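So the structure is just underneath, and the comments pick up after that.
2 protein chains.
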Amino acid sequence: MDNFSYQSPTRYIFGRGVENQTGSLTASMGCKKVLIVYGQGSAIRSGLLHRVKVSLHEAGIAYVELPGIKPNPTDGPVRIGIELCRAVGVDGLIAVGGGSVIDTAKAIAAGVLYEGDFWDFYSGKAVVQQALPVGVVLTIPAAGSEGSGNSVITNEANRQKISIRTDTALRPKFAVMNPELTLTLPLDQTAAGVADMMAHIMERYFSPTADVETTDRISEGLLMAIIHEAKRIVADPSNYEARANIMWSGTLAHNGICGCGRREDWSSHGLEHVLSALYGVAHGAGLAVVFPAYMTYVTAKNPVKIAQFGRRVFGVVEPDDTVAALEGIKCLREFFTHIGLPLTLGQLGITEPDFDKFVADFHRDKGTPWGAYYPLYPADTEAIYRLML
Amino acid sequence: MDNFSYQSPTRYIFGRGVENQTGSLTASMGCKKVLIVYGQGSAIRSGLLHRVKVSLHEAGIAYVELPGIKPNPTDGPVRIGIELCRAVGVDGLIAVGGGSVIDTAKAIAAGVLYEGDFWDFYSGKAVVQQALPVGVVLTIPAAGSEGSGNSVITNEANRQKISIRTDTALRPKFAVMNPELTLTLPLDQTAAGVADMMAHIMERYFSPTADVETTDRISEGLLMAIIHEAKRIVADPSNYEARANIMWSGTLAHNGICGCGRREDWSSHGLEHVLSALYGVAHGAGLAVVFPAYMTYVTAKNPVKIAQFGRRVFGVVEPDDTVAALEGIKCLREFFTHIGLPLTLGQLGITEPDFDKFVADFHRDKGTPWGAYYPLYPADTEAIYRLML
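As they're listed, the protein sequences go chains A and B.
Note that the numbering used here has the first sequence beginning at -10, numbered continuously upward.
Note that the numbering used here has the second sequence beginning at -10, numbered continuously upward.
This is how it looks when you write it as structure tokens:
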């Protein structure tokens, strides 16, 4: 086990009706005027945004709004939000939505207190030292941004999709999580979210660090719970209990608990970010295509952890590591198919893949080599992309 | 799943040599003069206390000391500590030790800022609203107090052992956790700690709340990791990796993550507190006697969760719930015996048990009925105590 430092200070308020506590929670983070960031209108149509505003109003908190955040969020709205916050004198942000909305709110929260251009944080020119407090009303269980210190933004000019991670500076102060809000989430979006949260665990699980039994068992337990509950949602999308377990699992998948004491990999996210930056594919759907390909490739290099995944998560009984690993990948593919996820570039709508560009973009964004479980050089990267055909 | 609120803001600094960060961590919680609370001298003999003092000194932090805290800590030293803090003008506490030391430091931290007698918090007359910041240098993985908002103190006058739980007021600001410090921990103390951390998980796991798959899987994963690593320590007490996994598991067992979304039981802790208050037995050893007896009794009333424990934690393959439950309890007893724990009152040194007094004390402290998985009335309580013969 490696030395580590871990702190996850976010307050989670979970269950039916909890969005009505948004106002008092916002007041408890010391705010009087906030920017509400949200997406493309579903929070308006469902009445959620109205309830959040009523709750803020009852707590005596003023607000301005930044609507219209799209999936794979870009730098443009971040700059608009920063200007708005400065002009109005905002002292906190409330993100009402999923990962794209939350990541945008985090970027604004850090950018408002920074003299230079906020993209400096994403290009590596600067490190986030401080940010306005951010509260979250979560509507999509997937990105885990409600409990993480991370933010992912795509630069519109060069299509670079960059993820940054802070220890605590960008962790939300609170996350209001009502599973009822997810009961009407379409199955394709639910499935993409499931792939995303599973990926957050697996990026940490496929690690070269030995002797992390505690962290391994937590990771495997979360994966088993997610697989079990996702199948229940496919059978009955209005199952509150299944939705609740998925929502909570998505937070724990990415709040860092699955990474304690080990090096993390993050190759697959890098491989997927190239695809979603170029084609705008749903991040989770892209991950469903990337992960089995990645796992298949590295099984030939180092099957140990892929085999453990097969045995412990899917109950594979095979003495040989390579066989157990491949059997586990087969189970993973079957599960992804069962919940309606794509498995190939073609199913993602990428019919004429430019592998040279994929490889070049991956190593431009990540460097060479990249990855902890098995360090990827361009030949490895190309081979993995070709396994997605 | 039940609605819940969860926040675990403690910063964990984990690994070799991390005690040397105590000074900078103490400074980061805004302290200039602290009370160091510790036990009966092992921290002096090992040189740990010296290293902590050097670290504090280098960070410009003054300190006074409260040594001599014993297992099953009592109210006397808490009152001395409160007076000392007030006289010297302390602005924080550093607990160097295990649960007894940490719980004493927490009681002092709350008592210093309270006008009345600190026991009011334990007798239920008052609720902890604020406390001085507490930092921890952990030496014994067991109680989980380094990450919990709990504190257990025994009243010397009437031998009442009372546990209080706060949401965040009594959670340490940081916990410095170096598994090297536990390499020389005697096996009996190690085993008692293992029983304690397993009990913290099982008190939450034996719940009447259905549909908590995520929390169940985390709990089961932690139990499996603890069992696996405890056996490795018995085989080689100097195994750093096994000690590290046990140490981290002990924190997660009690920081609340295993309770999210469900009612918790806590019958067995109540049953044990009666024994340790009357006889001063080691809490963990007492729990090893109590738990199998409790589980056996409630299997006849409601075997569902005990059976799931047997199947998922010990891999029992039995279709019948009662059979699976009893087989799981058998495995648990065998594991406790393997690591050197007692299984009967006699093995605890309690040769002439006064069952009437046990039952009366239990219901005096806890009320009637007590317990969530199966509510205990005096007849149930006596039957469970008799199963410990």
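By construction, the Cβ of each residue, glycine as well, lies at the ideal position given by its N, Cα and C atoms.
No experiment lies behind these values; they were computed from the predicted model shown.
- Query: Buried or exposed: where does residue 224 (chain B) fall if 16 or more other Cβ atoms within 10 Å of its Cβ makes it buried?
  - Reply: For the purposes of this step, residue 224 (chain B) is identified with residue 235 of the second sequence, where counting begins at 1. That one is exposed.
- Item | Backbone secondary structure at residue 5 (chain B) - three-state DSSP | Working through the second sequence from its first residue, we reach residue 5 (chain B) at position 16. Three-state result, residue 5 (chain B): coil.
- Item | Assigned secondary structure, residue 81 (chain B) (DSSP; H/G/I helix, E/B strand, else coil) | Taking the second sequence and counting its residues from 1, one reaches residue 81 (chain B) at position 92. It is a strand residue.
- Beta-carbon of residue 211 (chain A) versus every beta-carbon of chain B: anything under 8 angstroms? For the purposes of this step, residue 211 (chain A) is taken as residue 222 along the first sequence, with counting starting at 1. So yes, residue 211 (chain A) belongs to the interface.
- Task: List the DSSP bridge partners of residue 359 (chain B).
- Result: Against the second sequence, residue 359 (chain B) aligns to sequence position 370. Paired residues: B:365.
- Just the C-alpha distance for residue 49 (chain A) and residue 0 (chain A), rounded to the nearest angstrom, thanks. Taking the first sequence and counting its residues from 1, the one referred to as residue 49 (chain A) is at position 60. Taking the first sequence and counting its residues from 1, the one referred to as residue 0 (chain A) is at position 11. Residue 49 (chain A) and residue 0 (chain A): Cα-Cα distance of roughly 21 angstroms.
- Message: Taking CB distances under 8 angstroms as the criterion, tell me whether residue -3 (chain B) reaches chain A.
- Response: As a first step, residue -3 (chain B) must be located in the second sequence, where it is residue number 8. Taking a beta-carbon distance threshold of 8 angstroms, residue -3 (chain B) counts as an interface residue toward chain A.
- Task: For the alpha helix (DSSP H) containing residue 294 (chain B), list its first residue and its last residue.
- Result: Translated into positions along the second sequence, residue 294 (chain B) becomes position 305. 293 to 303 is the span of the alpha helix (DSSP H), which, as asked, contains residue 294 (chain B).
- Message: Is there a C-beta anywhere in chain B that falls below 8 angstroms from the one on residue 249 (chain A)?
- Response: Here residue 249 (chain A) refers to the residue found at position 260 of the first sequence. Residue contact check for residue 249 (chain A) against chain B: a CB pair falls below 8 angstroms.
- Burial state of residue 149 (chain B) (16 or more Cβ within 10 Å): Here residue 149 (chain B) corresponds to residue number 160 of the second sequence, with the count starting at 1. Buried is the call here.
- Query: What does residue 1 (chain A) touch in chain E if you count any residue whose Cβ is under 9 angstroms from its own?
  - Reply: In the structure shown, chain E cannot be found, because the protein chains are A and B.
- Item | Beta carbon proximity, residue 207 (chain B) to chain A, threshold 8 angstroms | Residue mapping note: residue 207 (chain B) aligns to position 218 of the second sequence, counting from 1. With 8 angstroms as the cut-off, residue 207 (chain B) counts as an interface residue toward chain A.
- Please work out which residues of its chain come closer than 7 angstroms, Cβ to Cβ, to residue 233 (chain B), disregarding the five sequence neighbours upstream and downstream, and give them in chain order. By 1-based counting over the second sequence, the position of residue 233 (chain B) is 244. 168, listed in sequence order.
- Message: Tell me the DSSP secondary structure of residue 128 (chain B) in three-state form.
- Response: Locating residue 128 (chain B) in the second sequence gives position 139, where the first residue counts as 1. Coil at residue 128 (chain B), not helix or strand.
- Item | Cβ separation of residue 211 (chain A) and residue 241 (chain A), assumed to be a contact under 8 angstroms, to the nearest whole Å | Here residue 211 (chain A) is taken as the residue at index 222 of the first sequence, counted from 1. Here residue 241 (chain A) is taken as the residue at index 252 of the first sequence, counted from 1. Between residue 241 (chain A) and residue 211 (chain A) the Cβ distance is about 6 angstroms, and since that is below 8 angstroms, they are a contact.
- According to DSSP, is residue 75 (chain B) helix, strand or coil? Looking up residue 75 (chain B) in the second sequence gives position 86. Residue state, collapsed to three classes: helix.
- Anything in the segment 301 to 332 of chain A with a Cβ closer than 7 angstroms to a Cβ of chain B? List those residues in chain order, please. Within the segment 301 to 332 of chain A, contact with chain B at the beta-carbon level (separation under 7 angstroms) is assigned to no residue.
- Item | Positions along the segment 211 to 232 of chain B whose CB lies within less than 7 angstroms of some CB in chain A | The residues in question are 211, 213, 214, 217, 218, 230.
- Query: Ordered along the chain, which non-local residues of its own chain (more than five positions away) have a Cβ less than 6 angstroms from that of residue 298 (chain B)?
  - Reply: Taking the first residue of the second sequence as 1, we reach residue 298 (chain B) at position 309. The residues are 317.
- Considering only C-alpha positions, which residue in the set B:276, B:236, B:357 is nearest to residue 2 (chain B)? Here residue 2 (chain B) is taken as the residue at index 13 of the second sequence, counted from 1. The residue with the shortest Cα to Cα distance from residue 2 (chain B) is B:236.
- Mind checking which residues open and close the beta strand (DSSP E) that includes residue 406 (chain B)? Coverage of chain B is limited to positions -10 through 378, which leaves residue 406 (chain B) absent and any answer about it impossible.
- Report the residues of the segment 156 to 188 of chain A with a CB closer than 7 angstroms to any CB of chain B, ordered along the chain. Taking 7 angstroms as the cut-off between beta carbons, none of the residues of the segment 156 to 188 of chain A comes near chain B.
- Rank B:24, B:39, B:185 by C-alpha distance to the C-alpha of residue 262 (chain B) and give the top, closest one. As a working note, residue 262 (chain B) is residue 273 in the second sequence. Of all alpha-carbon atoms in B:24, B:39, B:185, the one lying nearest the alpha-carbon of residue 262 (chain B) is that of B:185.
- Item | Under 8 angstroms between C-beta atoms of residue 192 (chain B) and residue 302 (chain B) | Indexing the second sequence from 1 puts residue 192 (chain B) at position 203. Indexing the second sequence from 1 puts residue 302 (chain B) at position 313. No, the pair does not count as a contact, with Cβ atoms beyond the cut-off.
- Message: On the DSSP letters alone, give me the boundaries of the beta strand (DSSP E) that residue 27 (chain A) sits inside.
- Response: As a first step, residue 27 (chain A) must be located in the first sequence, where it is residue number 38. Where residue 27 (chain A) is concerned, the enclosing beta strand (DSSP E) stretches over 22 to 27.
- Message: Using a Cβ-Cβ cutoff of less than 6 angstroms, which residues in the same chain neighbour residue 134 (chain A) once the five nearest sequence positions on both sides are dropped?
- Response: Here residue 134 (chain A) refers to the residue found at position 145 when the first sequence is read from its first residue. Once the five neighbours on either side are set aside, the close Cβ partners of residue 134 (chain A) are 88, 91, 92.
- Message: Quick check: what's the CA-CA separation for residue 353 (chain B) versus residue 112 (chain B)?
- Response: For this step, residue 353 (chain B) is matched to residue 364 along the second sequence. For this step, residue 112 (chain B) is matched to residue 123 along the second sequence. C-alpha separation (whole angstroms): 12 angstroms.
- Cross-chain neighbours of residue 345 (chain A) in chain B, by beta carbon under 8 angstroms: Here residue 345 (chain A) refers to the residue found at position 356 of the first sequence. Neighbourhood of residue 345 (chain A) in chain B, by CB distance below 8 angstroms: empty, with the nearest CB roughly 42 angstroms away.
- Item | Chain-ordered chain B contacts of residue 5 (chain A) [CB-CB under 9 angstroms] | What you label residue 5 (chain A) is simply residue 16 of the first sequence in a count that begins at 1. Under the 9 angstroms cutoff, chain B gives -8.
- Go through its chain and collect everything with a Cβ distance to residue 46 (chain A)'s Cβ below 6 angstroms, but skip five positions before and after it. Position 57 of the first sequence, counted from the first residue, corresponds to residue 46 (chain A). Same-chain partners within the cutoff: there are none.
- Task: Could you please give me the residues that DSSP links to residue 150 (chain A) through a beta bridge?
- Result: What you label residue 150 (chain A) is simply residue 161 of the first sequence in a count that begins at 1. Residue 150 (chain A) is bridged by DSSP to A:143.
- Task: Quick one: using the 10 Å Cβ neighbour count with 16 as the cut-off for buried, is residue 345 (chain A) buried or exposed?
- Result: Position 356 of the first sequence, counted from the first residue, corresponds to residue 345 (chain A). Its Cβ having fewer than 16 others within 10 Å, residue 345 (chain A) is exposed.
- Close-in-space but distant-in-sequence residues of the same chain around residue 350 (chain A) (CB under 6 angstroms, 5 per side omitted): Stepping through the first sequence from its first residue, residue 350 (chain A) is reached at position 361. 263.
- Message: I want to see whether chain B comes within less than 8 angstroms of residue 9 (chain A), judged by CB atoms only; does it?
- Response: Taking the first sequence and counting its residues from 1, the one referred to as residue 9 (chain A) is at position 20. By the rule that beta-carbons nearer than 8 angstroms mark a contact, residue 9 (chain A) does not touch chain B.
- Query: Whole-angstrom Cβ separation of residue 20 (chain A) and residue 122 (chain A), contact assumed at under 8 angstroms?
  - Reply: In the first sequence, the residue the question calls residue 20 (chain A) occupies position 31. In the first sequence, the residue the question calls residue 122 (chain A) occupies position 133. Contact between residue 20 (chain A) and residue 122 (chain A) holds, since their C-beta atoms are separated by about 6 angstroms, short of 8 angstroms.
- Task: Pair every Cβ in the segment 167 to 182 of chain B with every Cβ in the segment 264 to 284 of chain B, then say whether three or more of these pairs are closer than 8 angstroms.
- Result: Touching, yes, given that three or more Cβ pairs across the two stretches are closer than 8 angstroms.
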